[in-house]
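**Student:** Under this note's numbering, the first residue of the sequence shown carries the number 514, and numbering increases by one thereafter.
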Amino acid sequence: MGIMNDEKRLDAVLERFYQRFNRYNTKVLKTLGEAIKQFDGLTPSQAHKLAQELKYSTEIDQLLNELSQLSGKSAQELDVLLDKVAEENVAFAETYYKVKGKEFIPYEDNIQLKRYVETIKKDTKGTFKQLSHSKQIGFTFKEGNKIIYKPLKKAFNDLLDEAAYNVSTGVTDYQSAMRNTIKQLADSGIKIHEDKVGYASGYNRRIDSSVRQNILTSVKQINIGIQEIVGEELGADGVEISAHSPCGEDHLDIQGQQFSKKEFKKIDADLERPIGTLNCRHFVFSIILGVNRPSYTNKMLNDMRKESLSKVEYEGK
C-alpha cells in the first residue's frame with residue numbers, strides 16, 4: 514500500500530516532521546528556563562547586570578539559526594515526500610490506462626503533473642520560509658482579555674526584565690513570582706505568527722502543529738488534483754475511498770467502498786463532515802467501475818469497524 518491508503522505509514526511520515534519541531538520547542542523552553550533560573554538568589558545589582566549580559570548574548574540568534582536549518586532540511590524532505598505521493602497516485606491508475614488502450618506516462622516523465630505538484634510544493638514551503646523570519650516566531654501571552662504575540666527575541670528580553678524586577682523588589686519566593694510567566698511560555702509553545710485577513714492581531718499556531726497540518730493538507734491536495742486530472746483523461750466513472758482505523762463513525766459505512774461519481778457526490782453532500790475535511794484522513798481515488806478490484810477485503814473492513822467501535826474504560830467511564 515502507498516502512503517495515502519496506509520494510515521500508519523501516513524502517520525509515521527507526519528510524526529517525523531511533528532517531532533522534529535516539537536523537540537525544537539522543548540529546547541527553546543529549556544533555554545529560557547535556564548536563563549531565568551540564574552537570577553534566583555542574586556542581589557538587585559547582580560540581577561540587572563546579568564539581564565544586560567544575557568540580552569547581548571547570542572543564545573536567541575543561535576536558536577533562530579537552528580530553526581532556519583531545520584526548516585531547510587524539512588523543505589528538502591517535503592520535496593521527496595510530495596513526489597512520492599504524486600508517483601503513487603499515478604501508479605494507481607496504470608491499470609486503467611491499459612484497459613482504455615491509452616499510453617501510460619510515469620510520473621517522472623509527466624510534465625503536466627510535475628508542474629501541478631511544483632505549485633503545491635511552493636505553497637507548502639511558504640510555511641517553512643516563515644520559520645526563517647525571526648519576527649514571525651514567538652510566544653503568545655494573555656494580558657487581561659487580550660492575547661498578545663511577542664517575537665522570540667522580545668519575549669526573551671521581557672522575561673529577563675521581569676526576572677530582574679522580581680529580584681529588585683525583594684520577593685521572598687522568586688520561583689513563585691516567575692511561575693505564571695513560565696506556565697504561559699509552556700502553554701503557548703513556540704508559535705508561527707501569520708498575518709491574515711480577518712485577524713486584527715495576526716493568527717498564531719504552534720510550529721509543530723502548523724508544519725504537520727500543512728504537510729497533510731499538501732498530501733491531500735496532490736491526491737485530489739492528480740486524481741481529477743487522471744480521472745478526466747481516462748473517463749473514470751467512479752471513485753474508491755481509502756480506509757483506516759480508527760475511523761469516525763460517520764465514515765465507517767463508506768470507507769473502502771467504491772461508488773459511481775454521481776453516487777459519491779450525493780453521499781458526500783449529505784455528510785456533516787465531507788470526505789477530506791475537518792481532520793478527515795480519507796483519500797478519494799478515481800476508478801473505472803467493473804475494472805478495478807477493491808483495495809480492501811470485507812474482512813479488512815470488518816476488522817477496522819470493530820477496532821473503530823471498540824470502547825475502553827477511563828476513570829470509571
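Just so you know, even glycine gets a beta-carbon here, dropped at the ideal spot from N, CA and C. These numbers were taken from a predicted model, which means no experiment stands behind them.
Express the C-alpha separation of Phe534 and Gly761 in angstroms, rounding to a whole number.
**Tutor:** Each residue's Cα considered, the two are about 28 angstroms apart.
**Student:** Let me check you understand the geometry: is the CB of Lys812 closer than 6 angstroms to at least one non-hydrogen atom of the ligand NAD?
**Tutor:** As presented, the structure is devoid of all ligands, the ligand NAD included, so that no description of it is given.
**Student:** Taking Tyr620 as the reference, which of Ile735, Asp674, Ile660 has the closest Cα?
**Tutor:** Minimum Cα distance to Tyr620 is reached at Ile735.
**Student:** If I follow the unbroken beta strand (DSSP E) through Pro557, where does it start and stop?
**Tutor:** First-last for Pro557: 557-568, but that is the alpha helix (DSSP H), not the beta strand (DSSP E).
**Student:** Considering only their Cβ atoms, is the gap separating Tyr531 from Asp783 smaller than 7 angstroms?
**Tutor:** No.
**Student:** For the beta strand (DSSP E) containing Val752, name the first residue and the last one.
**Tutor:** 751-754 is the span of the beta strand (DSSP E), which, as asked, contains Val752.
**Student:** Using the DSSP secondary-structure output, state which residues sit across from Ser773 in a beta bridge.
**Tutor:** Gly751, per the DSSP bridge assignment.
**Student:** Can you tell me which of Phe772, Ile788, Ser821, Arg818 puts its alpha carbon nearest to the alpha carbon of Gly803?
**Tutor:** The candidate whose alpha carbon is nearest that of Gly803 is Phe772.
**Student:** Assuming Ser821 contacts Glu520 (C-beta within less than 8 angstroms), just tell me the rounded distance between them.
**Tutor:** Contact flag wrong, Cβ pair sits at about 11 angstroms.
**Student:** For Lys704, which residues in the same chain have their Cβ closer than 7 angstroms to its Cβ, ignoring the five residues on either side in sequence?
**Tutor:** Hits under 7 angstroms: Gly651, Phe652, Thr653, Asn717, Arg718, Arg719, Ile720.
**Student:** Would you tell me roughly how many angstroms separate the C-alpha atoms of Thr632 and Leu626, rounded to the nearest one?
**Tutor:** Answer to the nearest angstrom: the Cα atoms are 10 angstroms apart.
**Student:** On a CA-only basis, which of Lys638, Lys733, Gln559 is nearest Ala599? Give me that one, please.
**Tutor:** When only C-alpha atoms are compared, the closest one is Lys733.
**Student:** Would you tell me roughly how many angstroms separate the C-alpha atoms of Lys663 and Glu656, rounded to the nearest one?
**Tutor:** Rounded to whole angstroms, Lys663 to Glu656 spans 12 angstroms at the Cα level.
**Student:** Here's the rule I'm using: 16 or more other beta-carbon atoms within 10 Å means buried, otherwise exposed. How should Asn578 be labelled?
**Tutor:** Its Cβ having fewer than 16 others within 10 Å, Asn578 is exposed.
**Student:** Tell me the rounded alpha-carbon separation between Ile661 and Ala690.
**Tutor:** Looking at the two C-alpha atoms, the distance is approximately 20 angstroms.
**Student:** Quick one: what's Phe654 bridged to in DSSP?
**Tutor:** Phe654 pairs with Ile661.
**Student:** Sorted by chain position, which residues of the same chain lie with C-beta nearer than 6 angstroms to Ala560's C-beta, five sequence neighbours on each side aside?
**Tutor:** Phe552, Ala677, Val680, listed in sequence order.
**Student:** Would you kindly report the start and end of the unbroken beta strand (DSSP E) that includes Ile549?
**Tutor:** First-last for Ile549: 520-550, but that is the alpha helix (DSSP H), not the beta strand (DSSP E).
**Student:** Step through the CB atoms of chain C and report whether any lies within less than 7 angstroms of the CB of Leu567.
**Tutor:** Structure shown: chain C not included; a single protein chain is present.
**Student:** State the Cα-Cα distance for the pair Asp763 and Ile780, rounded to the nearest angstrom.
**Tutor:** If you take the alpha carbons of Asp763 and Ile780, they lie about 11 angstroms apart.
**Student:** Beta carbon of Glu753, beta carbon of Ile800: below 7 angstroms?
**Tutor:** Taking 7 angstroms as the Cβ cut-off, Glu753 and Ile800 qualify as a contacting pair.
**Student:** For Asn727, which of helix, strand or coil comes out of DSSP?
**Tutor:** Asn727 falls in the helix class under three-state DSSP.
**Student:** Taking the straight line between their C-alpha atoms, what separation do you get for Lys634 and Gln688?
**Tutor:** Computed Cα separation, rounded: 46 angstroms.
**Student:** Kindly identify the DSSP beta-bridge partner or partners of Val732.
**Tutor:** Its beta-bridge partners do not exist; DSSP assigns none.
**Student:** Closest to Ile739 by C-alpha separation, out of Val630, Leu591, Asn805, would be which residue?
**Tutor:** Comparing Cα-Cα distances from Ile739 to each of Val630, Leu591, Asn805, the minimum goes to Val630.
**Student:** Where does Lys611 sit, in a helix, a strand or coil, going by DSSP?
**Tutor:** Looking at Lys611 - three-state DSSP - the assignment turns out to be helix.
**Student:** Where does the unbroken beta strand (DSSP E) through Ser799 begin, and where does it stop?
**Tutor:** From DSSP, the beta strand (DSSP E) with Ser799 extends over 797-800.
**Student:** Could you check where the alpha helix (DSSP H) with Asp816 kicks off and where it finishes?
**Tutor:** Segment 811-822, the alpha helix (DSSP H) holding Asp816.
**Student:** For Val743 versus Ala525, is the C-beta distance shorter than 7 angstroms?
**Tutor:** Cβ atoms of Val743 and Ala525: not closer than 7 angstroms.
**Student:** Check Arg794 in the structure and name its three-state DSSP category.
**Tutor:** The answer is coil: DSSP assigns Arg794 none of H, G, I, E or B.
**Student:** Please report how far the alpha carbon of Asp622 lies from the alpha carbon of Ser723, in whole angstroms.
**Tutor:** Taking the straight line from one Cα to the other gives about 32 angstroms.
**Student:** I'd like to check one pair, Lys597 with Leu747: are the Cβ atoms closer than 7 angstroms?
**Tutor:** Against a cut-off of 7 angstroms, the Cβ pair of Lys597 and Leu747 comes out as no contact.
**Student:** Measure the alpha-carbon distance for Lys778 versus Thr730 and round it to whole angstroms.
**Tutor:** Roughly 21 angstroms between the two C-alpha positions.
**Student:** Can you find the residues in the same chain that come closer than 6 angstroms, C-beta to C-beta, to Ala713, ignoring five residues on each side of it along the sequence?
**Tutor:** Residue placement at Ala713 is flagged as unreliable, the pLDDT there being 41, under the threshold of 50; the coordinate-derived value follows with that caveat. Here the set comprises nothing.
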